[in-house]
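Protein chains in written order, with full-length UniProt numbering: chain E, 1 to 140; chain R, 1 to 140. Report on the structure given below.
Number of protein chains: 2
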Amino acid sequence: MVPRTDPLSREVVDLIATVVARYHEEYEDAAAKHALTGAQAKVLTLLAREPLPMRRIAQQLRCEPSNITGIVDRLEARGLAERRPDPDDRRVKLAAATEEGHRTAVRLGESLDFAREPLASLSTRERTVLRDLLRRMLGG
Amino acid sequence: MVPRTDPLSREVVDLIATVVARYHEEYEDAAAKHALTGAQAKVLTLLAREPLPMRRIAQQLRCEPSNITGIVDRLEARGLAERRPDPDDRRVKLAAATEEGHRTAVRLGESLDFAREPLASLSTRERTVLRDLLRRMLGG
DNA sequence: TATTGTTATACTCTATAACTATA
DNA sequence: TATAGTTATAGAGTATAACAATA
Chain E
1 MVPRTDPLSR
11 EVVDLIATVV
21 ARYHEEYEDA
31 AAKHALTGAQ
41 AKVLTLLARE
51 PLPMRRIAQQ
61 LRCEPSNITG
71 IVDRLEARGL
81 AERRPDPDDR
91 RVKLAAATEE
101 GHRTAVRLGE
111 SLDFAREPLA
121 SLSTRERTVL
131 RDLLRRMLGG
Chain R
1 MVPRTDPLSR
11 EVVDLIATVV
21 ARYHEEYEDA
31 AAKHALTGAQ
41 AKVLTLLARE
51 PLPMRRIAQQ
61 LRCEPSNITG
71 IVDRLEARGL
81 AERRPDPDDR
91 RVKLAAATEE
101 GHRTAVRLGE
111 SLDFAREPLA
121 SLSTRERTVL
131 RDLLRRMLGG
């Protein structure tokens with residue numbers, strides 16, 4: 001058991017907090033470049049992978065299903081997403097990215113340089129060590 | 001230059017994304033335990049360190065100063081913060097944590113077990129390696 | 001004139017509860 | 001009855017623009 005006042009642990013936690021802050025900033029900036037909010041960008045990224053029932057989107061975003069209605073509404077109004085019927089269950093609506101939605105999702109991903117830039121300073125060996133430490137930290 | 005499709009880099013990025021998500025969840029949960037929103041908790045934590053002009057709070061949160069008015073209003077309504085005049089500049093209002101605000105900030109910090117738990121799996125040696133890698137990643 | 005904080009406004013996200021159409 | 005999605009509502013965070021007090 002490591003006390004929170006342990007200087008080393010405290011510094012690691014501070015560094016993680018910095019990573020978290022920078023990650024969020026970059027994500028919001030990348031989304032804003034495409035006139036998307038963070039939530040809209042997250043949903044569009046999900047839909048670009050595969051069409052999803054509204055409820056599944058809510059589970060991924062850890063929010064109430066009622067919120068997804070508005071987010072998909074706004075994506076749909078911009079021609080980035082559409083609702084399709086589910087052939088197996090007429091209660092379900094499958095939200096899916098349109099062609100333009102897919103293109104936007106790709107460009108959004110390219111904007112997310114958080115991946116490339118900070119990791120570029122690390123060698124393959126170091127990235128491997130970092131991966132293993134993060135895995136263990138996350139209880140993987 | 002590391003391509004984003006490099007499997008190792010991709011996995012590290014995914015792990016970081018997981019850390020970010022978990023950090024946020026824990027932070028929101030800890031704040032909610034004290035009936036605070038994330039933004040209110042952030043501001044209260046800042047004010048518990050030292051009184052700050054409204055504008056400085058906005059800079060720390062990277063948002064517009066006008067938003068801070070409402071957040072401090074809500075903290076003030078709950079007796080956790082107060083506005084004081086700045087003796088040096090009568091335009092400035094210094095937001096400060098009240099005694100109860102300080103107590104709440106301390107308990108909030110204790111709730112943030114994100115520090116202890118995941119790091120507990122790592123030895124001192126490993127924490128040191130993690131610290132150095134994060135430092136270099138962040139360009140320190 | 002410039003700066004600090006506030007107000008007014010509009011938009012988005014969020015949770016809760018009630019509603020509809022299906023199952 | 002139960003489930004999927006929606007609507008209605010209210011609260012909070014956000015940016016923008018205009019404002020009063022002070023520098």
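Even glycine gets a Cβ: it sits at the ideal position worked out from N, Cα and C.
Discussion item. I'd like to know whether the C-beta atoms of Leu133 of chain E and Leu119 of chain R end up nearer to each other than 8 angstroms.
Written reply: As a working note, residue 133 of chain E is residue 133 in the first sequence. As a working note, residue 119 of chain R is residue 119 in the second sequence. Not a contact, by the Cβ cut-off of 8 angstroms.
Worksheet item: Roughly how many whole angstroms lie between the Cα atoms of Thr104 of chain E and Ala41 of chain E?
Response: Reading the first sequence from its first residue, position 104 is the one you call residue 104 of chain E. Reading the first sequence from its first residue, position 41 is the one you call residue 41 of chain E. Straight-line Cα distance between these residues: approximately 9 angstroms.
Worksheet item: In whole angstroms, what is the alpha-carbon distance linking Val12 of chain E and Gly38 of chain R?
Response: By 1-based counting over the first sequence, the position of residue 12 of chain E is 12. By 1-based counting over the second sequence, the position of residue 38 of chain R is 38. Near 21 angstroms, if we compare the C-alpha coordinates of Gly38 of chain R and Val12 of chain E.
Worksheet item: Would a C-beta distance cut-off of 8 angstroms place Val72 of chain E and Ala81 of chain E closer than the cut-off?
Response: As a first step, residue 72 of chain E must be located in the first sequence, where it is residue number 72. As a first step, residue 81 of chain E must be located in the first sequence, where it is residue number 81. The answer is yes: Cβ separation under 8 angstroms.
Fill in: Through-space distance from Ala30 of chain E to Leu108 of chain E, alpha-carbon basis
Counting from 1 along the first sequence, the entry for residue 108 of chain E is found at position 108. Counting from 1 along the first sequence, the entry for residue 30 of chain E is found at position 30. Each residue's Cα considered, the two are about 6 angstroms apart.
Discussion item. Can you look up Leu94 of chain E in the DSSP assignment and give me helix, strand or coil?
Written reply: In the first sequence, residue 94 of chain E corresponds to position 94, counting from 1. Three-state DSSP puts Leu94 of chain E in a strand.
Worksheet item: Any idea what DSSP makes of Pro7 of chain R, helix, strand or coil?
Response: Position 7 of the second sequence, counting from 1, holds the residue named residue 7 of chain R. Here Pro7 of chain R sits in helix by DSSP.
Discussion item. At the 8 angstroms Cβ level, is Thr18 of chain E part of the contact set with chain R, yes or no?
Written reply: Translated into the one-based positions of the first sequence, residue 18 of chain E becomes position 18. So yes, Thr18 of chain E belongs to the interface.
Practice prompt. Measure from the C-beta of Val92 of chain E to each C-beta in chain R and report whether the shortest distance is under 8 angstroms.
Written response: Taking the first sequence and counting its residues from 1, the one referred to as residue 92 of chain E is at position 92. Closer than 8 angstroms: no.
Discussion item. Would you say the beta carbon of Gly38 of chain E is closer than 7 angstroms to some non-hydrogen atom of the ligand HEM?
Written reply: In the structure on display, the ligand HEM does not appear, and there are no ligands present to speak of.
Fill in: Local conformation of Glu28 of chain E per DSSP, three classes
As a working mapping, residue 28 of chain E is identified with position 28 in the first sequence. Correct three-state label for Glu28 of chain E: helix.
Worksheet item: Does the Cβ of Gly139 of chain E have 16 or more other Cβ atoms within 10 Å, making it buried, or fewer, making it exposed?
Response: Walking along the first sequence from the start, residue 139 of chain E turns up at place 139. Under this definition Gly139 of chain E is an exposed residue.
Worksheet entry | Span separating the alpha-carbon of Arg22 of chain R from that of Val43 of chain E | Reading the second sequence from its first residue, position 22 is the one you call residue 22 of chain R. Reading the first sequence from its first residue, position 43 is the one you call residue 43 of chain E. Spanning the two alpha carbons is a distance of roughly 18 angstroms.
Discussion item. The alpha helix (DSSP H) that contains Arg49 of chain R, what's its start and end?
Written reply: As a position in the second sequence, residue 49 of chain R is number 49, starting the count at 1. That run of the alpha helix (DSSP H) goes Gly38 to Arg49.
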